[in-house]
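Sequence lines, in order, name chains A and B. Quick note: the first sequence, position 129, residue 128 per numbering that gives the first Met the number 0, numbers continuous. Quick note: the second sequence, position 77, residue 76 per numbering that gives the first Met the number 0, numbers continuous. All C-beta atoms in this analysis are idealised placements derived from N, C-alpha and C, irrespective of residue type, glycine included.
Protein chains: 2
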Amino acid sequence: MELDERKKKILQAVIKNYLETGEPVGSRTISKYTDLNLSSATIRNEMADLEELGYIFQPHTSAGRIPTDMGYRLYVDDMLSTREKELDKKDRKLDDKAESLKTMQEIMDKRVDRIEEVLKDMAKMLANNTNYTSLVSMPQANKNKLKFVQLTQVDEGKLLCTIVLEGNIVKNEMIQLDREIDQQTLLKLNLLFNNTLNGLSLQEINFDMAANMADQSGELGGLVSDILNAIVAAIGAADGIEIFTSGATNIFKYPELSGNENASRLISTLEEKDMLTNLLTDSLEEMGESSTGIQIYIGEETPVNSMKDCSVVTATYEFEDGVYGKIGIIGPKRMDYEKVVDALKNVTGSLDQKFGKGKKK
Amino acid sequence: MELDERKKKILQAVIKNYLETGEPVGSRTISKYTDLNLSSATIRNEMADLEELGYIFQPHTSAGRIPTDMGYRLYVDDMLSTREKELDKKDRKLDDKAESLKTMQEIMDKRVDRIEEVLKDMAKMLANNTNYTSLVSMPQANKNKLKFVQLTQVDEGKLLCTIVLEGNIVKNEMIQLDREIDQQTLLKLNLLFNNTLNGLSLQEINFDMAANMADQSGELGGLVSDILNAIVAAIGAADGIEIFTSGATNIFKYPELSGNENASRLISTLEEKDMLTNLLTDSLEEMGESSTGIQIYIGEETPVNSMKDCSVVTATYEFEDGVYGKIGIIGPKRMDYEKVVDALKNVTGSLDQKFGKGKKK
DNA sequence: GTTAGCACTCTATTAATTTGAGTGCTAATA
DNA sequence: TATTAGCACTCAAATTAATAGAGTGCTAAC
Numbered sequence: 000m001e002l003d004e005r006k007k008k009i010l011q012a013v014i015k016n017y018l019e020t021g022e023p024v025g026s027r028t029i030s031k032y033t034d035l036n037l038s039s040a041t042i043r044n045e046m047a048d049l050e051e052l053g054y055i056f057q058p059h060t061s062a063g064r065i066p067t068d069m070g071y072r073l074y075v076d077d078m079l080s081t082r083e084k085e086l087d088k089k090d091r092k093l094d095d096k097a098e099s100l101k102t103m104q105e106i107m108d109k110r111v112d113r114i115e116e117v118l119k120d121m122a123k124m125l126a127n128n129t130n131y132t133s134l135v136s137m138p139q140a141n142k143n144k145l146k147f148v149q150l151t152q153v154d155e156g157k158l159l160c161t162i163v164l165e166g167n168i169v170k171n172e173m174i175q176l177d178r179e180i181d182q183q184t185l186l187k188l189n190l191l192f193n194n195t196l197n198g199l200s201l202q203e204i205n206f207d208m209a210a211n212m213a214d215q216s217g218e219l220g221g222l223v224s225d226i227l228n229a230i231v232a233a234i235g236a237a238d239g240i241e242i243f244t245s246g247a248t249n250i251f252k253y254p255e256l257s258g259n260e261n262a263s264r265l266i267s268t269l270e271e272k273d274m275l276t277n278l279l280t281d282s283l284e285e286m287g288e289s290s291t292g293i294q295i296y297i298g299e300e301t302p303v304n305s306m307k308d309c310s311v312v313t314a315t316y317e318f319e320d321g322v323y324g325k326i327g328i329i330g331p332k333r334m335d336y337e338k339v340v341d342a343l344k345n346v347t348g349s350l351d352q353k354f355g356k357g358k359k360k
Numbered sequence: 000m001e002l003d004e005r006k007k008k009i010l011q012a013v014i015k016n017y018l019e020t021g022e023p024v025g026s027r028t029i030s031k032y033t034d035l036n037l038s039s040a041t042i043r044n045e046m047a048d049l050e051e052l053g054y055i056f057q058p059h060t061s062a063g064r065i066p067t068d069m070g071y072r073l074y075v076d077d078m079l080s081t082r083e084k085e086l087d088k089k090d091r092k093l094d095d096k097a098e099s100l101k102t103m104q105e106i107m108d109k110r111v112d113r114i115e116e117v118l119k120d121m122a123k124m125l126a127n128n129t130n131y132t133s134l135v136s137m138p139q140a141n142k143n144k145l146k147f148v149q150l151t152q153v154d155e156g157k158l159l160c161t162i163v164l165e166g167n168i169v170k171n172e173m174i175q176l177d178r179e180i181d182q183q184t185l186l187k188l189n190l191l192f193n194n195t196l197n198g199l200s201l202q203e204i205n206f207d208m209a210a211n212m213a214d215q216s217g218e219l220g221g222l223v224s225d226i227l228n229a230i231v232a233a234i235g236a237a238d239g240i241e242i243f244t245s246g247a248t249n250i251f252k253y254p255e256l257s258g259n260e261n262a263s264r265l266i267s268t269l270e271e272k273d274m275l276t277n278l279l280t281d282s283l284e285e286m287g288e289s290s291t292g293i294q295i296y297i298g299e300e301t302p303v304n305s306m307k308d309c310s311v312v313t314a315t316y317e318f319e320d321g322v323y324g325k326i327g328i329i330g331p332k333r334m335d336y337e338k339v340v341d342a343l344k345n346v347t348g349s350l351d352q353k354f355g356k357g358k359k360k
């Protein structure tokens with residue numbers, strides 16, 4: 000059997016109607032809804048075919064039809080491609096992106112700790128506007144190259160180790176020493192670490208190197224390896240992505256989600272945040288897809304178990320060279336994909352708007 | 000009418016039974032449950048009195064009784080005071096504590112330096128053990144006294160300002176300069192800031208001082224005030240308390256909470272975290288109450304609106320001198336107060352030991 | 001003061017009934 | 001051959017009715 004034009008139109012109509020109402024849609028509705036001018040009986044026949052093809056199904060005999068994941072997938076792909084065409088028509092500005100990135104970089108430069116606030120606000124805004132759940136990941140350095148290390152004595156026997164990574168990500172680690180240390184030594188240590196570690200990534204700071212450095216430092220050996228451990232720990236900790244969520248309870252607005260106890264599991268996932276990592280780190284490279292970094296997971300496609308009857312849309316933003324973050328929306332499978340994609344595109348693209356374009360360049 | 004001993008005993012029995020079953024408790028149940036050897040009819044009379052006194056009520060005619068907030072309050076106060084007496088008598092508590100500390104200790108040993116991780120684990124453990132929702136606040140400096148400032152050149156024209164506050168809380172701020180700066184000047188600036196600001200709190204770094212310092216620095220004046228601004232901003236940011244929650248979805252286990260849409264509001268509150276501030280900063284000073292820093296809010300007593308039909312128990316722990324954090328449990332009003340208080344005491348006890356008092360000597 | 005006994009109330013549960021949306025199939029129609 | 005009208009059938013959801021049971025309040029007796 001083939002998916003001819005008419006079937007496609009009917010499928011489209013079914014899905015569109017279902018997105019709006021959330022109720023299974025019957026043949027009579029379609030008969031009136033479309034401009035096809037077909038009787039409900041004909042629609043019924045076509046719908047039976049569509050069901051056989053796997054695009055729609057009935058929750059039970061004598062109910063209307065509901066799209067399957069496969070149906071949604073067709074619909075979404077269609078939507079995305081026509082959308083792309085439209086964009087091609089209007090001259091799309093690639094440099095627009097470049098501009099917005101500039102501004103983000105400046106935000107970062109100015110307030111190391113405050114991007115957090117910006118992103119939180121963004122998540123909140125997204126959740127409010129869409130009535131779905133939103134999540135945002137802090138920009139994450141892909142390659143954590145060490146740029147700079149600073150050891151400072153804070154108390155007797157207590158060293159503060161400040162580490163700056165490529166992309167100006169700052170980490171602190173407190174080190175407890177078992178002995179006193181004088182200014183002279185401290186200076187020496189600072190020099191040593193900066194000379195040796197500069198430009199290296201976590202992977203490159205291995206055990207050999209640790210042994211080596213410790214050897215060369217003679218009596219300071221133990222100290223050196225202690226500090227090295229602290230540095231590694233701090234960089235490692237930078238791997239744990241920070242994620243903010245907003246509007247978790249919006250899922251209660253959609254009966255098909257709030258009913259079963261999956262709702263609870265979903266909220267747990269959002270609270271734990273560990274599992275979300277899959278969504279937001281996965282495929283940072285494969286952001287080719289639609290060249291906008293937009294990625295859509297429908298139902299079973301999502302990598303997170305507790306979201307198997309949701310859909311998830313994510314977008315990637317670039318923060319600096321090689322430093323990416325992600326923004327996502329979680330909603331029912333019958334979410335308004337068009338609106339969500341738009342919202343995400345706007346948000347990633349309009350960070351500069353929010354903070355004034357005057358600062359670019 | 001008086002609340003004589005027998006009434007008190009009956010009330011106790013009603014509450015105890017209700018805590019266990021969650022169902023309204025009737026006269027016959029009490030008649031058998033207690034050692035009072037009274038017929039159900041007598042109990043009925045007494046219960047009518049207790050209702051008139053405001054300690055219990057019927058959800059509807061011909062149902063058993065349920066404690067009112069006032070009833071709970073009596074029960075809890077009683078529990079706390081007898082508990083205090085017991086502790087005074089026996090020193091046996093050490094055994095108990097040592098045992099439960101074992102698990103706690105394991106968590107702690109994992110990573111002393113990553114307080115955040117420790118606290119998160121702790122929250123998770125508490126939620127799992129109690130089946131309620133837990134929340135933990137990062138230790139917060141009461142008075143943010145400046146201990147140490149370090150300026151470091153990261154890029155050309157870019158300064159990293161690392162600030163250490165009393166209690167070893169570290170903040171970073173990136174400063175963009177409009178001109179180059181040489182090592183000599185940097186050294187001078189470092190010296191200047193440390194000498195001038197050391198030991199001062201945010202309130203004490205006022206405009207007068209800014210003007211003063213800028214004046215004294217001659218041509219460096221603009222630079223100095225830029226940096227001063229950065230410092231103030233960083234300290235100010237330290238005011239936002241970080242709070243972790245765990246087990247938010249545990250509230251679904253209690254029908255009286257999960258039913259209405261308050262459940263959703265409660266979860267929103269937990270997600271937002273802003274509102275939780277009230278719970279966890281409030282009354283850091285008034286921790287006198289029972290000299291253990293334990294505070295119990297029953298129903299309407301809680302300062303957070305979305306928790307008006309929950310009970311909240313909070314405890315204070317000391318991180319270092321003058322640096323406190325709080326731990327809280329949120330559950331239904333019929334929570335197992337005794338167990339919760341115990342759990343919190345243990346947890347704060349071991350935290351004190353690990354971080355604060357214990358570690359000191 | 002305490003208790004036994006009874007009438008009464010109200011909820012919760014289960015079963016029976018009705019309603020209506022929607023389908024599938026068949027036979028007639030263009 | 002593709003479309004449509006018509007009808008019998010199905011199933012979920014809503015409505016109603018019937019029943020059981022827990023618990024109370026009150027009264028009269030102990």
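Excluding residues up to 5 positions away in sequence, Asp68, Tyr71, Lys307, Asp308, Cys309, Ser310, Lys332 lie with their Cβ nearer than 8 Å to the Cβ of B:Gly298 in the same chain. For chain B, the residues of the stretch 155 to 166 of chain A that bring a beta carbon within less than 8 Å of one of its beta carbons are Lys157, Leu159, Thr161, Val163, in chain order.
Here A:Met46 is buried, its C-beta having at least 16 other C-beta atoms within 10 Å. Residues of chain A whose Cβ lies closer than 8 Å to the Cβ of B:Phe251 are, in chain order, Glu260, Ser263. For the pair A:Ile328 and A:Asn277, the Cα-to-Cα distance works out to about 14 Å. Judged by DSSP in its simplified three-state form, B:Glu155 adopts coil rather than helix or strand. The beta carbon of A:Leu343 is closer than 7 Å to those of Ile293, Val312, Ala314, Ile326, Ile328 in its chain, skipping five residues each way along the sequence. Here B:Tyr131 is not near B:Pro66, since their CB atoms are 9 Å or more apart. Ranked by how close their Cα comes to the Cα of A:Pro138, the residues A:Gln182, A:Asn167, A:Tyr323 have A:Tyr323 in first place. Using a 10 angstroms sphere on the CB of A:Gly198, the tally of other CB atoms stays under 16, which defines it as exposed. The bridge partners DSSP lists for A:Arg264 come to none. Judged by beta-carbon spacing, B:Glu19 lies beyond the 9 Å limit of B:Gly63, meaning their Cβ atoms are not closer than that value.
The beta carbon of B:Val153 sits closer than 9 Å to some beta carbon of chain A. For the stretch 172 to 242 of chain A, there is no continuous beta strand (DSSP E) assignment of 3+ residues that stays within its boundaries. Interface annotation for the stretch 47 to 60 of chain B against chain A: empty, criterion Cβ-Cβ distance under 7 Å.
Under the three-state reduction of DSSP output, A:Lys325 falls in the strand class. Around the Cβ of A:Asp3, a 10 Å sphere holds fewer than 16 other Cβ atoms; the residue is exposed. The beta carbon of B:Glu241 sits closer than 6 Å to the beta carbons of Met137 from its chain, once the five residues preceding and following it are set aside; these are given in chain order. Residue state for A:Gly330 is assigned as strand, using DSSP reduced to three classes.
In terms of CA proximity to B:Phe243, B:Leu118 leads the group B:Val340, B:Leu118, B:Thr184, B:Leu222. Secondary structure of B:Gln139 (DSSP, three-state): strand.
Taking the Cα positions, A:Ala247 is about 12 Å away from B:Thr248. Contact between the stretch 203 to 223 of chain B and the stretch 178 to 194 of chain B is established, with three or more Cβ pairs separated by less than 8 Å. Between the stretch 71 to 84 of chain A and the stretch 31 to 47 of chain A, the count of Cβ pairs shorter than 8 Å is below three; the stretches do not touch. Using a CB distance cut-off of 9 Å, B:Glu270 counts as an interface residue toward chain A. Taking each of B:Asn127, B:Lys123, B:Ile180 in turn and checking the Cα distance to B:Thr151, the smallest one comes out for B:Ile180. Annotation: A:Phe251 to A:Asn259 spans about 11 Å, alpha carbon to alpha carbon. Excluding residues up to 5 positions away in sequence, Met208, Met212 lie with their Cβ nearer than 8 Å to the Cβ of B:Thr195 in the same chain. Residue-level contact check: B:Phe147 touches chain A, since one or more beta carbons of chain A fall below 9 Å from its beta carbon.
Counting the other Cβ atoms within 10 Å of the Cβ of A:Ala12 gives 16 or more, which makes it buried. For B:Tyr32, the uninterrupted alpha helix (DSSP H) segment begins and ends at 26 to 32. Residue pairing of B:Glu317 in beta bridges, as defined by DSSP: B:Tyr323. Residue pairing by DSSP puts A:Val311 in a beta bridge opposite A:Tyr296, A:Ile329. When CB distances to chain A are screened at a threshold of 7 Å, not a single residue of the stretch 24 to 44 of chain B falls below it. Residues of the stretch 168 to 189 of chain B whose Cβ lies closer than 9 Å to any Cβ of chain A, in chain order: Val169, Lys170, Asn171, Glu172, Met173, Ile174, Gln175.
The C-beta distance from B:Lys6 to B:Asp34 rounds to 16 Å, too long to fall under 8 Å, and the pair is not in contact.
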